[in-house]
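One structure is given here, and the rest of the page talks about it.
2 protein chains.
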Amino acid sequence: MSENRTIRIGLLGFGVVGQGVWKNIEVNRSTLKKRLGVDLTITDVVVKNLERERAIQVPPEMLSSDPARVVDNSEVDIVCELMGGTTEALHFTRRALEQGKIVVTANKALICEHGEELFNIAQASGGHYLYEASVAGGIPIIKMIREGFIANRFRLIFGILNGTSNYILTRMEREGLSFEETLGDARSLGYVEADEALDLDGIDAAHKAIILAYLAHGKWVKLDSIICEGIRSITGDDITTAGALGYKIKLLAVIDRDFEANELSVRLHPAFISKSEVIAGVDEVYNGVSVSGDVVGTAVLIGKGAGQDATASSVISDLADAVAILQGANKLNTQEQKNCADQKRTECLELTSIDAHSGCYYLRVHVKDEEGVLSKVSDLLAKQHISLATVNQKQLKDGTALIMLTTRLSNERAITSAKSSLSSQGAVLSEPVSFRIFDPS
Amino acid sequence: MSENRTIRIGLLGFGVVGQGVWKNIEVNRSTLKKRLGVDLTITDVVVKNLERERAIQVPPEMLSSDPARVVDNSEVDIVCELMGGTTEALHFTRRALEQGKIVVTANKALICEHGEELFNIAQASGGHYLYEASVAGGIPIIKMIREGFIANRFRLIFGILNGTSNYILTRMEREGLSFEETLGDARSLGYVEADEALDLDGIDAAHKAIILAYLAHGKWVKLDSIICEGIRSITGDDITTAGALGYKIKLLAVIDRDFEANELSVRLHPAFISKSEVIAGVDEVYNGVSVSGDVVGTAVLIGKGAGQDATASSVISDLADAVAILQGANKLNTQEQKNCADQKRTECLELTSIDAHSGCYYLRVHVKDEEGVLSKVSDLLAKQHISLATVNQKQLKDGTALIMLTTRLSNERAITSAKSSLSSQGAVLSEPVSFRIFDPS
């Protein structure tokens, strides 16, 4: 390939991220040309609605509503799938990869649901599926794990992978606002996805955790086989109590590998995390990922997890890697493709069962403020062999009280049983709420 | 190249890092083979002293004391220069690159002094010079800037690049120890380089800053043309005063690009930095780098900046990139080589003169504790148009006092003049000490 050739890119989808890619390739065109030695040119833009007004005017001859015009065009070097969804996107990603094309994507849901098939197609056809922008927006976490830390096996990867929920938790903590109040603000700022469950019930972050688990360990994990809990049940009292005990509450993705037992735990849930952890200090819409490798030790990467420009930054870095592939690096370290083909290694890697999780817990029980209620609660916990580390009690104005406890080492089964026994007590006014206390050590 | 071939690596130097590379390739051999599709094999180890006992036993047939045996051996795919120094290392790096070989290095001093020549040789001969391990140990900051953030122009890069000085500052802060006491401990832990000036006078970190400046902006900066100040003059009183004002004192590397004026400022000095900055929270032997790109925004990377294993992790990641190059990616995004050849771009980029730095400052003046001394000091500062933000005074046991001031916006010339006027006052007992207050915004 000559140094001065033009790399032809077809965009499927021209929403926020697509327009960000267009805009930032324009802004830094000369810099990119110097760095890459080639010219990145978007030659085709495929949209659903040809009539819609957009901030960026695309010349009409480049615009179409037919993805096949890009996918089946032999002159397009790189297909950039930014349309989202898992139907059309699946169809056309499959079709592009089957032709041995390079597909760059930000579509985490598609990778989670169909990654195994798509990477297998890429592997078989000589295509490439690049997905830096699918996890943690502008943070190059995929490249860091795949290339920067290639010497490592990964004992623990954890972090904050959803900016919207982190923004809500940060404002609840800083301003003493309730979840509902903060959610209202987050909605009006346009931070919350149309399908709110993605942000609030942890599904978006769980998708990303599943992708990181695959990248680091070569194993595809199903969303319905892991703990996935969102932030809706967190109250200001939980955050205050956590703070007084030296913790913050963060929605954490945890990918925990036990090499001795050859087990993998992938989970996504709100957690108490010590303020002394760097990740606990990652606030607002920022994302942060902590990676512990057996060679490098622990490293942390923090940056914008979403937004037009940050996501475009990652898409463009994948375009640059695609250029290297087009220039001959057809065996670029796409370890996940190898992992995928390497069935023996992953077949015997077991997913830790949800029940098997052990650790310390925080438990909030809403009770009638009457004599003996704390002793009743602690008796019930003792029956489940749960011993307590701290106890906080708060009188509420309506004559009820909150008992907020942290436990010593316990486990999911004990906590679930305890919550169920507590619920059936007359003095307990609502379903008790528990959060795991995360200890990375 | 066949999938199952062996990549032959020659190590020049077998000290701490060399043995770390050997050990960690052994430990994760099967993982690396799966990820890379090839076997990394160290075939030659060159040492100065063949007789020395080492923790790792190298088979005698692999061991020699002649670097030429590796550098001129056509069967060696990658030369790994871990011998250090700038004489023999320069000679053999040059010779390897001239043959179009791939050289992987951790030698920051060599890159700083001779990088321009070495990258030019690599460029001309088709060789490659890879240096992830030269900056910030295990943190893949080179890859992050070069590839992960390839879409960006870099307004500001700053951070902590020397673990030893950061360890000393952390212990001084946490335990209220003096510089000398902490240095003693750091020495006995083996944290301080044999040539102590490298760690204590900021030279090691300045080398790394110069490499990052080249990587990000394509300009070679000479060590003697930048501000380079170490940590020897920092006292417990400075740290306490900083803390009370909401700052920490960190030895910061700053690479500040003004795109409008097309100027570049590279500097290395102790600085007051707001505790709310993530980098301020990077303690002990950890390194941390904050990168602000025009597309991605600000991202921070934190990890171990030194040590056998962390550095080996980065060397091995370069070996993996070298494998990709050997497999055909002969135009892998080595943007710095392009920058280097791209004289037009860097010729007109001016280095900001040291004098031109402006900002806020901290100033410590040791005075006789007598009437009117504070007013005398502030008068002198006013003459230099330095206005004060805060004033702290501390009586010492010997009847003298420390005046610790922070200024509003000022500049190097004013501060230098003020310090010189102050020194000549009878009431001022020693050379005043100043530190810059760093504000990344």
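So the sequence lines, in the order shown, correspond to chains A and B. Throughout the first sequence, residue numbering follows the numbering used here, covering 78 to 518 in sequence. Throughout the second sequence, residue numbering follows the numbering used here, covering 78 to 518 in sequence. Backbone N, C-alpha and C fix where the C-beta goes; we use that ideal spot for every residue, glycine too. All of these numbers come straight from a predicted model, not from anything done at the bench.
| Check | Outcome |
| --- | --- |
| Pairwise C-alpha distance: glycine 92/B and leucine 159/B | 8 Å |
| Inter-residue Cα distance where the pair is alanine 132/A and lysine 100/A | 10 Å |
| Start and end residues, beta strand (DSSP E) containing glutamine 53/B | As displayed, chain B neither begins before 78 nor continues past 518, which places residue 53/B out of reach and without an answer. |
| Serine 141/B beta carbon less than 8 Å from that of aspartate 121/B | yes |
| Neighbour flag for serine 202/A against chain B, beta carbons, 8 Å | no |
| Histidine 191/B in three-state terms, based on DSSP | helix |
| Euclidean distance between Cα positions of alanine 283/A and histidine 294/A | 16 Å |
| CB contact check: leucine 167/A to chain E, cutoff 8 Å | Of the protein chains in this structure, namely A and B, none is chain E. |
| CA-to-CA distance, asparagine 150/B to leucine 396/A, given in whole angstroms | 37 Å |
| Closest by C-alpha distance to glycine 365/A, when choosing among Asp371/A, Val372/A and Ala376/A | Ala376/A |
| Buried versus exposed, by CB contacts within 10 Å (16 or more), serine 518/B | exposed |
| Validate contact between the stretch 430-445 of chain B and the stretch 273-293 of chain B using beta carbons, cut 8 Å, 3 pairs | no |
| Backbone CA spacing between leucine 260/A and isoleucine 245/A [nearest angstrom] | 6 Å |
| DSSP state of lysine 431/A mapped onto helix, strand, coil | According to the sequence displayed, residue 431/A carries isoleucine and not lysine. DSSP places isoleucine 431/A in helix when its eight states are reduced to three. |
| Beta-carbon proximity check, leucine 193/B vs tryptophan 297/B, cutoff 8 Å | First, the amino acid is wrong: residue 193/B is glutamate here, not leucine. In this structure, tryptophan 297/B lies closer than 8 Å to glutamate 193/B by Cβ. |
| Reference serine 500/A, options Leu458/A, Ser464/A, Asp475/A and Gln472/A, closest by Cα | Leu458/A |
| Beta-carbon proximity check, serine 242/B vs isoleucine 308/B, cutoff 8 Å | yes |
| Range of the contiguous beta strand (DSSP E) that encloses lysine 178/B | No beta strand (DSSP E) holds lysine 178/B; DSSP gives it neither H nor E. |
| Simplified DSSP assignment, three categories, for lysine 381/A | strand |
| Chain B contact residues for aspartate 386/A, given Cβ-Cβ distances below 8 Å | Val372, Val373 and Gly374 |
| Validate contact between the stretch 352-362 of chain A and the stretch 332-343 of chain A using beta carbons, cut 8 Å, 3 pairs | no |
| Secondary structure of alanine 387/A, DSSP reduced to three states | helix |
| Selected residue, minimal CA-CA separation from valine 400/A, among Thr108/A, Pro509/A and Asp116/A | Asp116/A |
| Pick from Ala213/B, Glu175/B, Arg172/B and Gln200/B that is closest to asparagine 184/B, judged by C-alpha positions | Ala213/B |
| Alanine 173/B to isoleucine 304/B span [Cα, whole Å] | 34 Å |
| Through-space distance from threonine 163/B to alanine 228/A, alpha-carbon basis | 28 Å |
| Paired residues, beta bridge with histidine 294/A - DSSP | Looking at the DSSP assignment, histidine 294/A forms no beta bridge with any residue, so it has no partner. |
| Cβ pair glycine 215/A, glycine 380/A closer than 8 Å | yes |
| Inter-residue Cα distance where the pair is aspartate 386/B and glycine 267/B | 15 Å |
| Isoleucine 84/B versus glutamate 152/B: straight-line alpha-carbon distance, rounded | 9 Å |
| Spatial distance of methionine 78/A from lysine 111/A (CA atoms) | Low local confidence applies: a pLDDT of 46 at methionine 78/A is under 50, so the model's placement there is unreliable, with the coordinate-based value given in what follows. Near 16 Å, if we compare the C-alpha coordinates of lysine 111/A and methionine 78/A. |
| Minimum Cβ-Cβ distance from leucine 378/A to chain B less than 8 Å | yes |
| 8 Å Cβ cutoff met for valine 181/B and glycine 204/B | no |
| Threonine 164/B, DSSP secondary structure in three states | coil |
| Own chain residues within Cβ distance below 6 Å of serine 507/A, not counting five before or after | His443 |
| Beta-carbon contacts of threonine 247/B that lie in its chain and below 7 Å, excluding the five residues immediately before and after | Asp360 and Glu361 |
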